[in-house]
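Under the working numbering, the letters of the sequence shown match residues 20 to 534, in that order. A short worksheet on the structure shown next.
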Amino acid sequence: MLLKATGREITQNKLIYDGCFEHSFENEVILPDYFPDIMRVVRVDAEQKLRDTNISGDRVTAEGVTVFRILYMPSQSEEEEQAPTLKCFTYSVPFEKSGDIKMSDGAHANVTLKTQYLSCRILNPRKAAVKATVGICVNVTAPEKVMICDALDGVRSDIQLLTKEISVSSPIASVEKSFKLYEDLEIDSNRPKVAEIISASGHAMLTEMKIIANKAVIKGDAYIKLLYMPQDGIVPEPVSYIIPFSQIIDIDGIDDGDACIMDFTVADIITSLVEGQTEGGRLISAEILLRASANAYRNERAEYVADAFSTVFDTAVMTKLCKTETLAHTLDERATVSEKVALNVPQMLAILDTSAEPYIKSVARNEKGGITVNGNIEMSALVLTSDNGIENCDRSVPFSITLPYNCDRADIKANITEINSSVQGDDADMRFSLVLTGAMFTQDQTDMVTGVEINEAKVKEQAKTSLTVYYPEKNEAVWDIAKRYGVAVEAISTANSIAEETVGERKIILISRKK
């Protein structure tokens, strides 16, 4: 006779793709008439902005724009006596790139962009050729049904079942919402007035979240950094702002007690000087486009049948390997990376501005039972020299951060909240304040009983005595003893006053059989 296992289906997120593809392009940039000629390029930045992600069949398409910022020293005529000021020209190139990925129903793609290669070649004082390679990294998950076998389809008094529990995380929903922040940013009176805004960058982080029925109420901070040219002088000025925000994100199916991983992307920042103020050059209007991504999970304990036997007949147990994943931790950790960086700039006086972007290369278990996060901080430093010259230095700063968490898979993002620097000869003492956020998962592989074949033609050979004296090992499982002797677990536990699943201290136990 075959007793089949019964149970219930749960949904798990299965990683079906994790990789990158590239998109390369080259464009000629012509300065508008109102920009002065290029004498020397100081720095070129390429910022990647993701506009949309689309899944169609087995293709993932990323749509975005690459924003080039060319920071340069302009040419001067002989009549001009004042020192030249830095100029910044911004040029945008839209792109659309698709990749073939084997998909399944309900798949969700998380796309991140990274500038992998960038060059700028001056063709003449009015024209430059810019070239870039964008790395498009795609992480695709899809819901997968997993059967949890927690019972058999027939109830028999001679069948013993060993049940255990596992922890599982079921995905509830993945949603995205875009929203805008509008803020007037004021320049302090102890800073010079603004003549021109060179660049604007930023990121956003969650500070508080409350889950209610079908909604996540969130609070966060947007970290905005501006670099501007003052009205008098050639030295650019950096200025930073923290803009608080709050939003309600609709997430169907989520409720109090569920977990939600919230991530933010600054999709765009539009700035302009506010005209008509009493003291001009001190008020900047900022429009910030934020994209919130929410992944909601429900953690629960599920019971399953781990083993079975008959106290009367010979039995054969059929099992299957069941793989489950559990959201173990939501990460929000602060870390500091301090490094002496060789800039190799002769007669360096000061570091005017530093922009930096952290990239995580790997997350691996370490010998201490936690994980180690390895990555690089890609930094660009504008340096002032003793002859009032301005140079740019690009450097890569490696980092390794140890966290006391045990996990099998981690989805971690790094952001920089603060940068401090000081000049030490030809070197710079750099200090980066990082925040690591994301999700950490544990994975289990469990053998579950899918059926029990009962051979009713073969009765178990009974011992010659009705009472057996057994001397178990310390912490030996009662189930193992019962299965070996073909008796009910409850009979052994009751007769020997054993309240736990294992025999604690070594002691004689009695195994009785009914005749």
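All residues carry an ideal CB built from backbone N, CA and C; glycine is no exception.
Here the stretch 333 to 344 does not lie against the stretch 354 to 373, with fewer than 3 beta-carbon pairs under 8 angstroms apart. Nearest C-alpha to THR72 among GLU28, ILE155, PHE108, LYS234: ILE155. When Cβ pairs closer than 8 angstroms are counted between the two stretches, the stretch 266 to 286 is seen to touch the stretch 313 to 321, the count reaching three or more. For the stretch 58 to 120, the continuous beta strand (DSSP E) assignments of 3+ residues that do not extend past its boundaries occur at 78 to 93, 106 to 119, in sequence order.
Counting every other CB atom within 10 Å of its CB across the protein chains shown gives GLN179 a total of 16 or more, marking it as buried. DSSP, reduced to helix, strand and coil, places VAL508 within a helical segment of the structure shown. Contact check for THR80 and VAL153: beta-carbon distance about 14 angstroms, past the 8 angstroms limit, so the pair fails to qualify. In this chain, TYR424 is not harboured by any beta strand (DSSP E), its DSSP state being neither H nor E. When only Cα atoms are considered, ASP64 and ASN385 end up about 36 angstroms apart.
When the alpha-carbon of SER415 is set against those of LYS196, ASP430, THR373, ILE390, the nearest one is in THR373.
If the five residues before and after LYS133 are omitted, its C-beta is found closer than 8 angstroms to the C-beta atoms of GLN67, VAL153, GLY154, CYS156, TYR378, all from its own chain and listed in chain order.
For MET467, the number of other beta carbons within 10 angstroms of its own is at least 16, and it is reported as buried. Restricting attention to THR513, ALA518, ASN494, TYR490, the CA atom closest to the CA of LYS526 is found in TYR490.
The three-state reading of DSSP puts ILE185 in strand, counting E and B together.
Minimum Cα-Cα distance from THR30 among the listed residues ILE167, VAL258, VAL112 corresponds to ILE167. Each of ARG450, ILE230, ASP282 was checked against the Cα of ALA354, and the nearest Cα belongs to ARG450. ARG27 sits in a strand when the DSSP states are folded into three classes. CA-to-CA, the gap between GLY221 and VAL285 works out to about 6 angstroms. Restricted to the stretch 166 to 243, the beta strand (DSSP E) segments that are unbroken, complete and at least 3 residues in length are 178 to 205, 213 to 231, listed in chain order. Between the C-alpha atoms of ILE49 and LYS146 there is a straight-line separation of about 5 angstroms. Partner residues in the beta bridge of SER357, as assigned by DSSP, are ARG450.
In the displayed model, ALA278 falls within a strand according to three-state DSSP. Collapsing the DSSP output to three states places ALA335 in a strand. Fewer than three beta-carbon pairs drawn from the stretch 501 to 508 and the stretch 206 to 223 are found closer than 8 angstroms, and the two stretches are therefore not classed as touching. In the DSSP assignment, SER381 falls within the beta strand (DSSP E) that extends over 367 to 384. The shortest C-alpha to C-alpha distance from ASP445 to any of THR421, ALA369, GLU492, ALA518 is the one to ALA369. In this structure, ALA214 is the residue among ALA170, ALA214, ILE530, GLU227 with its C-alpha nearest to the C-alpha of THR290. As DSSP reads the structure, ALA458 sits in a beta bridge with THR349, ASP430.
The alpha-carbon of PHE54 is positioned some 33 angstroms away from that of THR131.
In the structure shown, ALA126 adopts coil according to DSSP, grouped into three states.
Around the beta carbon of ASN32, a 10 Å sphere encloses 16 or more other beta carbons of the protein chains shown; the residue is thus reported as buried. Note that the C-beta distance between LYS199 and LEU308 is below 7 angstroms.
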